[in-house]
Each structure stands twice: as structure tokens, then as C-alpha cells.
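Read the structure below first, then the notes.
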DNA sequence: TATGAATGAGACTTCATTCAT
DNA sequence: CATGAATGAAGTCTCATTCAT
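Protein chains in written order, with full-length UniProt numbering: chain B, 1 to 210; chain V, 1 to 210; chain Z, 1 to 210; chain C, 1 to 210.
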């Protein structure tokens with residue numbers, strides 16, 4: 001199974017024109033969130049940044065939180081792609097260790113958060129405030145499923161529920177540490193990758209022992 | 001009662017009264033934050049919840065963020081107390097292991113977040129948005145110092161800077177995992193404590209190895 | 001040189017619709033100031049009087065003081081136009097006397113304050129409280145420059161600084177007397193014009209003598 | 001007739017204690033007005049400045065505007081005293097000129113405004129906003145009466161009404177010019193006194209000619 | 001469909017005044 | 001009388017959303 005097949009197939013937007021507009025708006029939203037933070041994120045600012053009228057924004061997004069949801073979904077999809085690649089690599093190396101697979105997970109997570117750190121951080125805040133529409137949940141559960149798949153191979157006797165919990169915790173743990181590292185500026189260093197891997201392995205070793 | 005006590009003018013006859021008002025307001029703020037989240041947190045709601053006029057709120061707190069800062073400070077102080085106890089216990093048992101000390105740290109953090117989980121979670125959001133006045137920073141650095149002290153005993157060769165980073169990361173890691181656990185409802189279980197301890201030890205083992 | 005040339009070129013307001021809205025708001029502001037005085041002047045009242053929402057008001061004016069500044073600017077521009085005409089008339093009659101020129105100044109000032117006496121009076125108060133943005137200063141200095149030009153012709157040996165002071169004082173003097181006259185209701189009478197002219201000439205004769 | 005006799009006899013406040021409190025409050029009000037301007041003038045600030053509770057302030061003054069009225073009345077009384085002296089001096093020199101008498105008027109007005117220039121200026125603003133209670137009117141009409149008396153001696157044929165108008169205008173004129181001079185900082189200079197005197201004489205010469 | 005002017009609920013904060021102690 | 005905590009109306013400004021053009 002390839003990374004392609006793992007990813008949810010994308011719906012192709014109807015018109016090229018509207019697709020361009022959606023892209024413009026989403027990118028503007030991302031920029032506003034990065035530059036002005038959660039506090040300065042508002043529909044008027046996004047529309048202005050996009051060089052588009054508020055009316056158009058509302059044509060494509062039912063409201064402010066839909067914008068956040070879309071940003072969220074896109075971020076998740078990026079992560080999903082990276083994870084899919086990680087899973088593929090892991091499954092291509094059957095005799096590797098758990099630590100090696102976990103390292104792949106860590107690398108994917110680091111790469112993801114480093115792409116647009118300010119964006120992901122601000123997004124976290126907004127997501128907590130708004131209850132996410134079901135849309136983003138789908139991608140989120142796919143992410144979790146991939147992590148389950150990645151770590152599940154090396155933790156055979158574990159119940160599916162326990163694996164799910166472990167996957168969710170692993171992601172949360174990774175995000176927290178990467179946020180700190182990004183803030184400090186050492187997220188790219190191998191030493192940080194090692195620390196993150198260590199934490200994940202420490203966590204998983206206890207899970208496995210139960 | 002000494003002559004001093006008799007002669008000293010009462011600082012404020014109404015101190016008991018205002019102290020009660022402050023408590024009422026702070027508690028109301030906590031409740032609003034717990035129930036309505038960061039989005040629903042506003043001065044009018046807090047005043048209403050406290051059964052007090054907005055004016056009174058502003059008599060005791062210069063503004064909304066002062067309220068958040070106070071809530072933050074109090075939370076941090078609670079953690080500080082727990083951590084202090086943990087450090088004391090750790091230093092009273094010199095031949096213990098790093099894992100035992102880390103478990104104490106985990107317990108303190110769990111106990112802290114479990115006291116008012118929704119509050120601490122919402123507080124996190126608000127803190128990210130508002131830049132906290134220096135007051136809370138003081139307590140925060142005390143917390144970090146305590147963690148440094150706790151884990152530093154078992155990681156002798158480490159540079160102070162590396163220790164500080166490790167302490168900050170440890171706290172962030174713990175918060176993230178505990179948030180997840182609280183949301184799931186198993187934060188109180190020994191198994192969770194073990195997992196958190198495992199994650200922290202995994203992280204620190206890598207730090208120590210460098 | 002014509003009065004037109006003397007006046008700063010006006011920027012043409014962009015759209016017909018927004019121009020109408022701006023006019024509506026400004027006129028409402030003027031009316032509120034006239035009717036309720038400085039104390040009753042607030043953004044809600046202005047918006048209500050304009051039959052417009054507060055939001056619209058803030059779309060066109062960044063705040064309360066911008067409204068005051070605009071009112072001020074418009075008043076000053078009216079005076080500017082009258083003064084320009086006075087200067088033109090004076091310069092067209094080279095063998096006239098200082099008294100004749102001063103009379104023109106008095107007439108212009110009287111005409112100005114009589115247009116909307118209550119407005120100008122209330123505006124004075126507000127200007128004193130709020131420090132005016134630089135915009136209105138521009139017009140104010142143009143006014144002063146015109147007065148300098150008007151009276152300077154008949155007071156040749158005077159230093160520029162002294163002339164500036166004389167111009168500012170003349171305007172202040174005129175405003176004060178006209179305020180009184182407006183309150184009494186005789187601002188339109190020739191006798192008042194004569195008294196004002198007399199006061200100005202009395203002032204200037206001393207200035208000239210130095 | 002002496003200056004004493006011209007002044008309205010003061011009522012002696014009942015208790016020494018309350019008199020002291022009134023003095024404290026009034027002086028605090030003056031200071032607040034001077035330092036914070038009309039915008040920053042509020043009852044709480046005055047009470048705090050006076051080292052007194054708001055309640056006490058309201059014990060002695062029915063409200064904010066009563067405070068302003070008192071400040072106003074006191075300022076007027078000071079002017080009244082100076083004017084009384086000026087009148088006395090004028091009446092002691094029967095063969096003087098109008099210009100000499102007017103100079104005395106100018107001096108008195110200058111001395112008055114220079115005593116606490118910021119206070120008098122801010123007071124002007126407040127008076128315009130609040131309609132003065134009848135209390136201050138009494139002193140004001142006494143002031144006017146004194147000016148009438150001062151200038152009436154040299155303008156024999158004038159109707160009482162015309163004299164009243166001339167007196168009011170003269171005071172307004174003087175205040176306006178002195179305000180300007182105070183702002184510039186040359187109110188104390190003899191040259192300014194001469195200019196003010198010139199303006200007043202110019203005004204009065206026209207009045208007399210009618 | 002695109003526009004962007006218009007809306008108005010609601011957030012924050014101030015301050016004149018009252019009243020229980 | 002003195003106190004000062006408490007009140008709440010009123011004012012300033014923002015921003016998500018709608019709707020006429």
C-alpha cells in the first residue's frame with residue numbers, strides 16, 4: 001500500500017476560479033494567524049490580506065471557525081502525508097526496532113511543526129477555543145490510525161484501545177516538546193530529535209509492559 | 001498581645017471585607033473560565049458570576065488580564081507547593097533512583113492539573129494570548145528552579161543551561177500528557193502515572209547521555 | 001492671486017456613497033455638538049442622530065476625536081476662505097488704511113462665528129481638551145499666515161515673529177468678543193463690528209509702536 | 001470707600017474642623033485641575049489628592065460641579081479684590097486719563113490669571129460645560145459692577161446698559177489675550193500689558209464715540 | 001458571484017454618587 | 001461625621017455577519 005492510497009482522496013473543486021479564491025483566502029488566513037496571532041485573527045483582516053471582499057470570504061466559508069477548521073485540516077493533511085511516508089518506510093524495513101520507527105514518527109512530527117511553526121502554534125490556541133467541526137476530525141483520526149499502525153507493529157500484544165490512547169498521547173507529547181524546541185530554536189538539531197525519540201520510547205516502553 | 005500590636009494602627013479596618021471580595025471575584029473568574037472557556041471569559045460575566053458589579057471588579061483588578069494573571073499565579077503557587085514537597089521527599093531519600101524522583105515530579109504535576117483541570121486548560125490558552133505581567137513569571141521561574149533541583153541531583157554532570165531546558169521540557173511534556181489523560185478520565189490511575197514517568201525518564205535518559 | 005489659489009487644494013472624496021455617509025455623520029456631529037454641548041457629545045449620540053450605526057461611524061472616523069478634528073478643520077476652512085477673500089480685497093486696494101483692512105478681518109471673523117455660533121463655541125471647548133491631530137494644525141497655520149499677510153502690509157517694519165504673535169492674538173481677541181456678542185445677539189450689528197475693529201486697531205497700534 | 005467695604009463679607013464657616021476640610025478639598029481640586037486638566041478632573045482624584053474620603057467630599061459639596069463652582073467663585077473673588085484695589089487707586093487719582101484707568105484694569109486681570117494660569121484656563125473649560133449655579137453669578141456681577149465703575153468714570157455720557165456690555169466685553173477680551181500670553185510666556189512683560197491696554201482702549205474709544 | 005458598506009451586539013473600562021459600617 | 005467599598009449607567013470601540021447593489 002502506498003502513501004497515496006493511505007491518504008484520503010481529495011475532492012477536486014468545481015471551478016478553477018473558485019479554487020483559486022479558496023486558496024488565496026486560506027493562505028491569507030494562515031498569514032494573518034502567523035503574523036497577528038489568535039487575537040488579531042478576524043475575518044476582515046483575512047479578507048483584506050487576501051485582497052478579497054468579506055462577502056467573498058463568506059461565499060466560501062460559512063464563518064470564521066470554518067476558516068480555522070480548514071487551516072487545521074490542511075495542517076493535519078501535511079502531517080498525514082509525512083506520516084504516511086514514515087509508515088511506508090517503516091513497513092519497508094521489517095527487521096527494524098521500535099526505536100527506529102519512533103524516530104521516524106518524531107522526524108515527521110518535527111518536520112510538520114517546523115514548516116510553519118507560528119501558524120501551528122496559533123492554530124492550537126484557536127482549536128481549543130472553537131469546538132472543531134467534524135471535518136477536521138476525519139483527518140485527525142486518520143493521523144491517529146497511522147500512528148497506531150506505525151507503533152502497533154512493534155507492540156504486538158496490545159489491545160486496540162490501548163494503542164489508540166498511546167497514539168494520541170504520543171502525538172500530544174511530540175507537539176508539546178516540539179513547541180518548546182521551536183520556541184527555543186533547536187527543533188532542527190539532531191539532539192532534540194533524540195530527546196523526543198527518547199521520551200516517546202520511554203512512554204511506549206511502559207505501555208508495552210502493561 | 002504585645003504593645004506593638006496594640007499600638008499599631010489597623011492597616012485596613014475593611015481588609016477582611018476586601019479580601020473576601022477578592023476571593024469571590026477570583027473564584028468567579030475561575031468558574032467562568034471553567035464553564036465558558038477562554039472565549040466566554042469576560043469581565044461582565046465574571047462580575048455577574050461573583051454577584052458583584054463590574055465596578056467592584058475593577059476596584060480590585062486593573063483589568064481582565066490582571067484577573068487571568070492572578071488565576072495563573074494561584075495555579076502556579078499550588079504547583080510550587082506540591083513540587084516543594086516532592087523535592088523535600090526526594091532529598092530525604094538520598095539513595096533513591098532518578099526514576100523515583102521523576103515519579104514524584106509526575107505525581108505533583110498530576111495532582112496539580114487534576115485539581116481543576118478545565119481551569120488549567122483554559123488558562124493555558126489565555127496565557128498564550130495575553131503576555132503575562134512579570135508577576136506570574138516569578139512563580140514560573142521558581143517552579144523551574146525546583147524541577148532543576150529535583151532532577152539535577154540525579155544528573156550530576158549536566159550544564160546548568162541543559163538542566164533548565166530539561167526542566168522546562170519536562171513540565172511541558174507532563175502538562176501535555178496530563179491534559180490528554182484528564183480529557184480521557186484516567187489521569188488518576190497508577191498506569192497513567194507510570195506512563196508519564198516513563199516518558200519523562202526516556203527524555204531525561206537521552207539528556208543525560210549527551 | 002485668487003482666493004482659490006490661496007486655499008489648499010481639496011482632495012476629492014472617493015465614492016459618492018461614502019461621501020454622503022461622511023457628510024451625514026459630520027452634520028450629525030455638528031448638530032449634537034450644537035444641541036448637547038461638549039458634555040453630551042459622544043459617538044453613540046452622533047451615530048443615532050445620523051440615523052446610522054456606531055460601526056459605520058467608526059468606519060469613517062477612527063474615533064471621537066477624529067470627528068472633532070474634522071469639524072474643526074471644516075470650520076477653519078470656512079474661515080480660511082473668508083479670510084482669503086478679505087486678503088484679496090485688501091490687496092486690491094493698496095491705498096487703503098490699516099483700519100480698513102482690520103475691518104475686513106473683523107467682518108470675516110464675525111461672518112465665520114455667526115454661521116454656526118453654538119458649534120464653534122462648543123468646538124473651542126473640545127479642542128482645548130483634546131490635543132488636535134496635526135491635520136487641523138495645518139489649516140490653523142494657514143489662517144494665521146493669512147492674517148499675517150493682511151495686517152503685515154500695513155505694519156512694514158515688524159519682525160515676522162512679532163507679526164505671528166499679533167496675528168494669533170488678533171484672532172483670539174476677535175473670537176472672544178464675537179462669542180460675547182453672539183451670546184448677546186448683537187454680533188450682526190455694525191456697532192459691534194466697529195467695536196471689534198477698534199479693539200483690534202488698538203492692539204495693533206501698540207504692536208506697531210514698539 | 002475701601003477695598004474691604006467693596007468686597008462681600010465672608011461667611012465664617014461654623015466649625016474650624018470642617019473649614020479646614022473644605023480648604024483641603026478645594027485646594028486638592030485646584031491642584032488636580034491644574035495637573036490633570038479638565039479631562040482628568042474627577043471626584044475620586046480630588047478626594048485622593050486631599051487625603052480624604054469621597055464621602056467627606058460629598059459631605060461638603062453636593063457634587064462635582066459644586067466643586068467647580070467653588071473654585072470659580074474663589075478665582076472670581078481674587079479678581080474682585082484686585083479690581084477693588086484698582087478702582088480705589090483710580091478714584092484716588094481724579095485727574096488721570098482713561099488709558100491710565102484701563103491700564104489698572106489690565107494689570108489686575110493679568111495678575112489674576114498669572115496667579116494660577118493652568119487652573120484658570122482649565123476652569124474656563126469646565127465652566128463652559130457646566131452651567132454655573134447662581135452662587136458664582138453673584139461674584140461675577142460684582143466684578144462687572146467694579147469694571148463698570150472703573151471705566152464709567154471716564155465715559156460719562158454712556159447708558160448703563162452700554163457700560164455693562166463694555167465691561168463684560170473688556171473682561172472677555174482681557175482673558176482671551178492673557179490666555180494667549182500665558183501660553184506664550186510673556187504675560188508678565190510690560191509690552192504685553194501695553195498691548196492689552198491698547199486693545200481695551202481701542203475697544204472703549206469706539207464705545208465712547210457712539 | 002463579487003463587493004464592501006452597514007449593522008449592532010457585546011466587550012472593556014471609568015467615574016459620579018450612594019450607603020452601610 | 002468619616003470612610004471607602006460598592007454600584008451601574010454610560011461611553012468607547014471591535015468585529016462577525018448580512019445584504020443591497
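Using N, Cα and C, we set each Cβ at its ideal position, and we do this for glycine too. For clarity, every value in this text was computed on a predicted model and none was experimentally measured.
Asked: Could you name the residues of the same chain whose beta carbon sits closer than 6 angstroms to that of residue 32 of chain B, not counting the 5 residues immediately before and after it, in chain order?; Found: 41, 45, 46 and 49
Asked: In or out: residue 195 of chain V buried (at least 16 other Cβ within 10 Å) or exposed?; Found: buried
Asked: Going along the chain, which residues of its own chain have a beta-carbon closer than 6 angstroms to the beta-carbon of residue 87 of chain B, five neighbours each way excluded?; Found: 146, 149 and 150
Asked: Let's test the definition: count the other Cβ atoms within 10 Å of the Cβ of residue 9 of chain B and tell me whether it reaches 16, buried, or not, exposed.; Found: Its pLDDT being 32, under 50, residue 9 of chain B is placed unreliably in this model, and the coordinates cannot settle the point.
Asked: How many angstroms separate the CA atom of residue 60 of chain Z from the CA atom of residue 67 of chain Z?; Found: 9 angstroms
Asked: If the cut is a Cβ gap below 8 angstroms, which residues of chain B does residue 184 of chain V touch?; Found: 165
Asked: Give me the subset of the UniProt DNA-binding region "H-T-H motif" (42 to 61) of chain V whose CB atoms are less than 9 angstroms from a CB atom of chain B, sorted by chain position.; Found: none
Asked: Closer than 7 angstroms by beta-carbon distance: list the chain B residues that pair up with residue 125 of chain V, in chain order.; Found: 125, 128 and 129
Asked: Count the CB pairs spanning the region 183 to 201 of chain C and the region 177 to 197 of chain Z that are closer than 8 angstroms, and state whether there are at least three.; Found: no
Asked: Mind checking if residue 31 of chain C is an interface residue toward chain Z, Cβ cutoff 7 angstroms exclusive?; Found: no
Asked: Enumerate in chain order the residues of its own chain whose CB-to-CB distance from residue 155 of chain B is below 6 angstroms, with the five nearest sequence positions on each side excluded.; Found: 208
Asked: Starting from residue 41 of chain B, follow the alpha helix (DSSP H) in both directions and report where the run begins and ends.; Found: Per DSSP, residue 41 of chain B belongs to no alpha helix (DSSP H) and is neither H nor E.
Asked: Along the alpha helix (DSSP H) that carries residue 169 of chain B, what are the first and last residues, could you check?; Found: 160 to 184
Asked: With distances taken from CA atoms, which of Z/157, Z/199, Z/118 and Z/104 is nearest residue 83 of chain Z?; Found: Z/104
Asked: Once you ignore the five residues that flank residue 53 of chain V on each side, which residues in its own chain have a CB closer than 8 angstroms to its CB?; Found: 47
Asked: Does any residue of chain C bring its CB to less than 7 angstroms from the CB of residue 36 of chain Z?; Found: no
Asked: What three-state label does DSSP hand residue 131 of chain Z in the structure shown?; Found: coil
Asked: For residue 76 of chain C and residue 160 of chain Z, I'd like the C-alpha separation in whole angstroms.; Found: 37 angstroms
Asked: Answer with buried or exposed for residue 95 of chain B, where buried requires no fewer than 16 other C-beta atoms within 10 angstroms of its C-beta.; Found: exposed
Asked: Between residue 5 of chain B and chain V, is the shortest Cβ-Cβ distance under 7 angstroms, so that the two count as touching?; Found: Residue confidence is low: residue 5 of chain B scores 39 on pLDDT, short of 50, so the model does not pin down where it sits. Its coordinate-derived value is still stated next. Output row for residue 5 of chain B: interface = no.
Asked: Would a check of beta-carbon distances place residue 205 of chain B closer than 7 angstroms to chain V?; Found: yes
Asked: Note down, in chain order, each residue of its chain lying with its Cβ closer than 8 angstroms to the Cβ of residue 57 of chain C, except the 5 sequence neighbours on either side.; Found: 25, 43, 46, 47, 50 and 67
Asked: Apply the 10 Å Cβ neighbour rule to residue 121 of chain V and answer buried if 16 or more other Cβ atoms are within range, or exposed otherwise.; Found: buried
Asked: Among the residues of its own chain, which have a CB less than 6 angstroms from the CB of residue 102 of chain B, if the five just before and after it don't count?; Found: 197, 200 and 201
Asked: Give the single residue among Z/80, Z/108, Z/167 and Z/36 whose Cα lies nearest to the Cα of residue 139 of chain Z.; Found: Z/80
Asked: Out of C/69, C/22 and C/72, point me to the one whose CA is closest to residue 55 of chain C's CA.; Found: C/22
Asked: Run through DSSP, which three-state label would residue 155 of chain B get?; Found: coil
Asked: Pull up the CB-CB distance for residue 27 of chain Z and residue 72 of chain Z, whole angstroms please, since I reckon it's below 8 angstroms.; Found: The Cβ separation is near 15 angstroms, so there is no contact.
Asked: Quick one: what does DSSP say residue 111 of chain C is sitting in, helix, strand or coil?; Found: helix
Asked: Could you check how far apart the C-beta atoms of residue 203 of chain C and residue 164 of chain C are, in whole angstroms? I think they sit under 8 angstroms.; Found: Rounded, the Cβ-Cβ distance is 14 angstroms, inconsistent with contact.
Asked: Checking contacts by CB at 7 angstroms: is residue 75 of chain V closer than that to chain B?; Found: no
Asked: Report yes if the CB atom of residue 173 of chain C is closer than 7 angstroms to the CB atom of residue 173 of chain Z, and no otherwise.; Found: yes
Asked: For residue 116 of chain V, name the three-state secondary structure that DSSP assigns.; Found: coil
Asked: Grab me the residues of residue 142 of chain V's own chain with a C-beta within less than 7 angstroms of its C-beta, minus the 5 sequence neighbours each way, in chain order.; Found: 80
Asked: Helix, strand or coil: how does DSSP classify residue 96 of chain V here?; Found: coil
Asked: If you drop the 5 nearest sequence neighbours on each side, which residues of the same chain put their C-beta closer than 6 angstroms to that of residue 116 of chain V?; Found: none
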